[in-house]
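Numbering (the numbering used here), first residue to last: 1 to 106. Have a look at the structure below before the remarks.
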């Protein structure tokens, strides 16, 4: 249900703008989907960090290789506080801002 609520506004926009700029609408929709998938990867990486040795598994290493380069960008600006890192939250927030900014390209 949550996924449907996230997809529905983009689908309505795609229908509205597809008659004028179908390639641009398709490209923005694709980029939006890729960003959404990457947000899920960041969330999975954060959850794996809570469990000992979960990031040492093949799946954990794969997710870490995808998520760590982006999260390390924020390490320079936002230090850990009491052993907690808020970089994933900030990273997701930035990606959601990019998603919302894409709508203005249409």
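We put the beta carbon where it would ideally sit given N, CA and C, even for glycine. Predicted model, so just to flag it, every value in this text is computed and none were measured.
Query raised in the report: Three-state secondary structure (DSSP) at residue 78?
Result: In the chain shown, residue 78 corresponds to position 78, counting from 1. Judged by DSSP in its simplified three-state form, residue 78 adopts coil rather than helix or strand.
Requested in this report: Look at the alpha carbon of residue 61 and the alpha carbon of residue 100, and state the distance between them as a whole number of angstroms.
Outcome: Taking the first residue of the chain shown as 1, we reach residue 61 at position 61. Taking the first residue of the chain shown as 1, we reach residue 100 at position 100. Near 30 Å, if we compare the C-alpha coordinates of residue 100 and residue 61.
Query raised in the report: Would you say residue 84 and residue 42 are within 9 Å of each other, going by their C-beta atoms?
Result: The residue labelled residue 84 in the question sits at position 84 within the chain shown. The residue labelled residue 42 in the question sits at position 42 within the chain shown. No; because the gap between Cβ atoms is not below 9 Å, this pair is not in contact.
Query raised in the report: residue 58: buried (16+ other C-beta within 10 angstroms of its C-beta) or exposed?
Result: Looking up residue 58 in the chain shown gives position 58. In summary, residue 58 is exposed, with fewer than 16 beta-carbon neighbours lying within 10 Å of its beta-carbon over all protein chains present.
Query raised in the report: So, are the CB atoms of residue 88 and residue 103 less than 9 Å apart?
Result: By 1-based counting over the chain shown, the position of residue 88 is 88. By 1-based counting over the chain shown, the position of residue 103 is 103. No, the pair does not count as a contact, with Cβ atoms beyond the cut-off.
Report task. Could you tell me the distance, in whole angstroms, from the CA atom of residue 63 to the CA atom of residue 26? Result -> As a first step, residue 63 must be located in the chain shown, where it is residue number 63. As a first step, residue 26 must be located in the chain shown, where it is residue number 26. Roughly 27 Å between the two C-alpha positions.
Query raised in the report: Given that a residue counts as buried once 16 or more other Cβ atoms are within 10 Å of its Cβ, and exposed if not, what is residue 98?
Result: What you label residue 98 is simply residue 98 of the chain shown in a count that begins at 1. Residue 98 is exposed by the Cβ-count criterion.
**Report entry** residue 34 to residue 91 span [Cα, whole Å]
**Finding:** Here the question's residue 34 lines up with position 34 in the chain shown. Here the question's residue 91 lines up with position 91 in the chain shown. Between the alpha carbons of residue 34 and residue 91 lies a gap of roughly 15 Å.
Query raised in the report: Within this structure, are the beta carbons of residue 86 and residue 78 separated by less than 9 Å?
Result: The residue labelled residue 86 in the question sits at position 86 within the chain shown. The residue labelled residue 78 in the question sits at position 78 within the chain shown. Inclusion of residue 86 and residue 78 in the CB contact set at 9 Å is warranted, their separation being smaller than that value.
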